[in-house]
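As they're listed, the protein sequences go chains Y and Z.
Mapping of the first sequence onto the working numbering: residues 1 to 384, in sequence order.
Mapping of the second sequence onto the working numbering: residues 1 to 384, in sequence order.
Heads up, the beta-carbon is just placed ideally off N, CA and C, and yes, glycines get one too.
Number of protein chains: 2
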Amino acid sequence: MSVTAASGFEAAGVAAGLKSSGKRDLALVRNTGPLNAAATVFTTNRCKANPVLWSEQVIGDGVVSAIVLNSGGANCYTGARGFQTTHATAEAVAEKLGVSAGDVLVCSTGLIGEQLDLAKLTAGVEEAAGALSADAGLHAAEAIMTTDTRPKEAVRRDPSGWTVGGMAKGAGMLAPGLATMLVVLTTDAVLDAETLDAALRAATRVTFDRLDSDGCMSTNDTVALLASGASGVAPDDAAFRLALTDVCRELAEQLQADAEGASHDIAIEVVNARSEEDAVVVGRAVSRSNLFKAAIFGNDPNWGRVLAAVGTTDAAFDPYGIDVAINGVQVCTKGEPDQPRDLVDLTPRAVHILIDLHAGDETATILTNDLTHDYVHENSAYAS
Amino acid sequence: MSVTAASGFEAAGVAAGLKSSGKRDLALVRNTGPLNAAATVFTTNRCKANPVLWSEQVIGDGVVSAIVLNSGGANCYTGARGFQTTHATAEAVAEKLGVSAGDVLVCSTGLIGEQLDLAKLTAGVEEAAGALSADAGLHAAEAIMTTDTRPKEAVRRDPSGWTVGGMAKGAGMLAPGLATMLVVLTTDAVLDAETLDAALRAATRVTFDRLDSDGCMSTNDTVALLASGASGVAPDDAAFRLALTDVCRELAEQLQADAEGASHDIAIEVVNARSEEDAVVVGRAVSRSNLFKAAIFGNDPNWGRVLAAVGTTDAAFDPYGIDVAINGVQVCTKGEPDQPRDLVDLTPRAVHILIDLHAGDETATILTNDLTHDYVHENSAYAS
């Protein structure tokens, strides 16, 4: 279901031959209306891929009729020819669906610095356009996978009659700046582009933006939210934001759970920070400590590595007034050893790190993963 | 030789029983004068270890008679008791050498969050004081090793009659903020504390501060420079700075070459930056990309990961005006693929990444390592 859970949407996922594996690698999602409002959030990486440069122009007027996504190549750092490939892909979609190319978002994911095969893309678009269906959401979710091991989908249905759903791909280069990876969200609620934009930014800020699996920000991150209005229901603003945020959070958790090579899903909860920003900065610093992440892989509750990472930030705290608990065991109280580290059980996949800064009353949780042999293996052999 | 290469210094390295391996774990370096001027640079991590808190007080007057260093425990986040252990260690040295405890620097390295055994430290200080010799520099260098596989020493002798030498330990948590790891430098040149301080800061800024092996800043980093004046020669200021910087650079390169689990030594040279700071920021961003580092481990010239990391910085550059060369092969010119990546040979241990920002005429080189299975293994099992 996912992107086709809401009424007013059709999708397809086909094998265009971009992936050497022969698996599905091109997805198409069409908004059949009656509305075609949309909002997007893109990577804040300054080295943006060609499909991001294209889509930034498309979203200018808040109107999107379709979105085409490919795996098998990022189309990033491919110069003018790469941009032409993106443009031509949008034109192919426009021609097949009878819409304007300027209303077609394009997303790509895969290796940076290699040209995509336009002939394969064009043929794939033609096949996908013919396969569009309200039942093919799963095919689309499969087509955007790279090193993901499973498709990622989420849906929320509101009792008043509208639905919001979505699909995502993640796996590596998983540290979004303002968006993450490729995510397509759809709703049949009646909403304008401005309202969608505000809701999407509010939702991504506390979901995808709090995911930092490997500290590496992508050049292609795109989150798109399309509204068809097909339910005929204008939703309560708060209810819509809540549902949208729920879908984003569920997708973010699926991204975390399927991150490259990970053997632990780590939630770093920072409490009693002076500001929410401080809490995010501290949580992110810990999430980017390779030493901390390797220790968790080894089931080693090495809390000194947590504090060493906290100490690199400029957040408000007294370095000798911090408490740390790991999976419920308070191993450090006010900068001194508390419970013995041997009491901590790190064998479950889920790990909870609680950092109490004693500096205020704001909180934030960053989701990350451990650093494993499989991560190193997968990322030392990805391009070959 | 190392710390005893310059005249006016004695050293010792003994096994105090702090390391479970039974190897040397306590080093003592004594300045026999006639001068006892000194300068230090400490970690900028806000979570500072007790020996750093102590040594910051000691250096206040620029007078240091001796420095005692232990491996087998960082004495960090060990509270008031940990600080008392540091203080008592300095007192033990003072008593044995007939100097003031307030002139004794203390350094510790090892696991964070565990108390050191004061009785072992005191007995070790007594043994080391009895073993002090102008020939025992190597023993001292061995005693400060943790996961280092070999001691690190460097010496420069000036024709005018003075010498500067030093020892270092590194291995992990190797991303200094203003200093790195434990480094003791000695000279018999006639210099006052103020001149030493200026020379030391100038030298560390372009050597240890440009080393970023694993992105993790230590809580215990200390670089100390002691001057005995025993040569009787007041050096030319520029010549002294040059020699000191050379010694620091050689030690930094030894730290890089022996970094935990590394199989490649990577020099990231950023040229034509608008400012030196921009060059450092860009080089450091690349040095902290796990994806880039894992690719180098896999001998994969994945230059897209270089640019993806560059794009996360706020340095001055046109994202589509950057060139990248790897080991002499220009794989990217102005944001487009140039030479085929297959031409790049990454089998040698030394790797050179050249990033041309085309934004000015400043340059900087960051030294880092690849991300390997051995790094993950070593750091998932360190505490156990």
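Query: Would leucine 343(Z) be called buried (16 or more neighbouring beta carbons within 10 Å of its own) or exposed?; Result: exposed
Query: Can you find the residues in the same chain that come closer than 7 Å, C-beta to C-beta, to glutamine 330(Y), ignoring five residues on each side of it along the sequence?; Result: Asp323, Asp338 and Gln339
Query: Say whether the region 63-73 of chain Z touches the region 296-310 of chain Y, bearing in mind that this needs 3 or more beta-carbon pairs closer than 8 Å, one atom from each stretch.; Result: no
Query: How is lysine 152(Y) classed by DSSP in three states: helix, strand or coil?; Result: strand
Query: Restricting to Cα atoms, I'd like to know which of Ala198(Y), Asp258(Y), Lys334(Y) and Ala350(Y) is closest to glycine 62(Y).; Result: Ala198(Y)
Query: With a 10 Å radius around its C-beta and 16 neighbouring C-beta atoms as the bar for buried, classify threonine 180(Y) as buried or exposed.; Result: Residue confidence is low: threonine 180(Y) scores 48 on pLDDT, short of 50, so the model does not pin down where it sits. Its coordinate-derived value is still stated next. Buried.
Query: In this structure, how does DSSP classify histidine 352(Z) when only helix, strand and coil are distinguished?; Result: strand
Query: Identify whether lysine 169(Y) lies in helix, strand or coil by the three-state DSSP scheme.; Result: strand
Query: Apart from the five residues just before and just after valine 270(Z), which ones in its own chain have a Cβ nearer than 7 Å to its Cβ?; Result: Ala279, Val282, Gly283, Ile355, Leu357, Thr363 and Ala364
Query: Is the beta carbon of asparagine 31(Y) closer than 9 Å to that of alanine 203(Y)?; Result: no
Query: Please report the straight-line C-alpha distance between tyrosine 320(Z) and alanine 128(Y), rounded to a whole angstrom.; Result: 32 Å
Query: Checking 9 Å against the spacing of the C-beta atoms, do glycine 166(Y) and valine 184(Y) come in under that value?; Result: yes
Query: Can you tell me whether isoleucine 59(Y) is helix, strand or coil according to DSSP?; Result: helix
Query: From the beta carbon of alanine 6(Z), is the nearest beta carbon of chain Y less than 9 Å away?; Result: no
Query: Using a threshold of 9 Å, state whether the C-beta atoms of asparagine 327(Z) and histidine 352(Z) are closer than that.; Result: yes
Query: CB of serine 160(Z) to nearest heavy atom of the ligand MN: below 8 Å?; Result: This structure lacks the ligand MN, and indeed carries no ligand of any kind.
Query: I'd like the span of the beta strand (DSSP E) that includes threonine 394(Y), first residue to last.; Result: Only positions 1 to 384 of chain Y appear in this structure, which leaves residue 394(Y) out of reach.
Query: Have a look at the DSSP bridge pairing and note the partners of proline 319(Y).; Result: Paired residue(s): none; proline 319(Y) is not in a bridge.
Query: Any Cβ of chain Z within less than 9 Å of the Cβ of glutamine 115(Y)?; Result: yes
Query: Which whole-angstrom value is the C-beta distance of alanine 92(Z) and tryptophan 54(Z), which I expect to be below 8 Å?; Result: Rounded, the Cβ-Cβ distance is 13 Å, inconsistent with contact.
Query: For the region 324-339 of chain Z, enumerate the residues whose C-beta is nearer than 7 Å to any C-beta of chain Y, in chain order.; Result: Cys332, Gly335, Glu336 and Pro337
Query: Can you find the residues in the same chain that come closer than 6 Å, C-beta to C-beta, to leucine 178(Y), ignoring five residues on each side of it along the sequence?; Result: With a pLDDT of 46 at leucine 178(Y), under the threshold of 50, the modelled position of that residue is not reliable, and the figure given next carries that caveat. Excluding sequence neighbours, leucine 178(Y) sits near Val41 and Thr44.
Query: Can you name, in chain order, every residue of its own chain whose Cβ lies under 7 Å from the Cβ of glutamate 10(Z), other than the five neighbours on each side?; Result: Thr4, Arg30, Thr32, Leu132, Ser133 and Ala134
Query: Go through its chain and collect everything with a Cβ distance to lysine 120(Z)'s Cβ below 7 Å, but skip five positions before and after it.; Result: Ala16, Gly17 and Leu18
Query: Should phenylalanine 297(Y) be flagged as near chain Z, meaning a C-beta pair shorter than 9 Å?; Result: yes
Query: Using a C-beta cutoff of 9 Å, does aspartate 300(Z) count as contacting chain Y?; Result: yes
Query: How many angstroms separate the CA atom of arginine 156(Y) from the CA atom of serine 21(Y)?; Result: 33 Å
Query: Do leucine 116(Z) and glycine 73(Z) have their C-beta atoms closer together than 9 Å?; Result: yes
Query: What do you get for glutamine 57(Y), buried or exposed, if any count of 16 or more other CB atoms within 10 angstroms of its CB means buried?; Result: exposed
Query: Closest to leucine 371(Z) by CA distance: which of Leu251(Z), Ala94(Z), Ser213(Z) and Ile112(Z) is it?; Result: Ser213(Z)
Query: Would a check of beta-carbon distances place threonine 313(Z) closer than 9 Å to chain Y?; Result: yes
Query: Compute the Euclidean distance between the alpha carbons of histidine 377(Y) and alanine 309(Z), then round it to the nearest angstrom.; Result: 20 Å
Query: According to DSSP, is threonine 86(Y) part of a helix, a strand, or is it coil?; Result: helix
Query: Using the Cα positions of leucine 307(Y) and alanine 294(Y), report the straight-line distance between them to the nearest angstrom.; Result: 15 Å
Query: Could you give the first and the last residue of the continuous beta strand (DSSP E) run that contains leucine 343(Y)?; Result: Here leucine 343(Y) belongs to no beta strand (DSSP E), and DSSP marks it neither H nor E.
Query: Looking at chain Z, which residues of the region 263-294 of chain Y have a Cβ within less than 9 Å of any of its Cβ atoms?; Result: Arg288, Ser289, Asn290, Leu291, Phe292, Lys293 and Ala294
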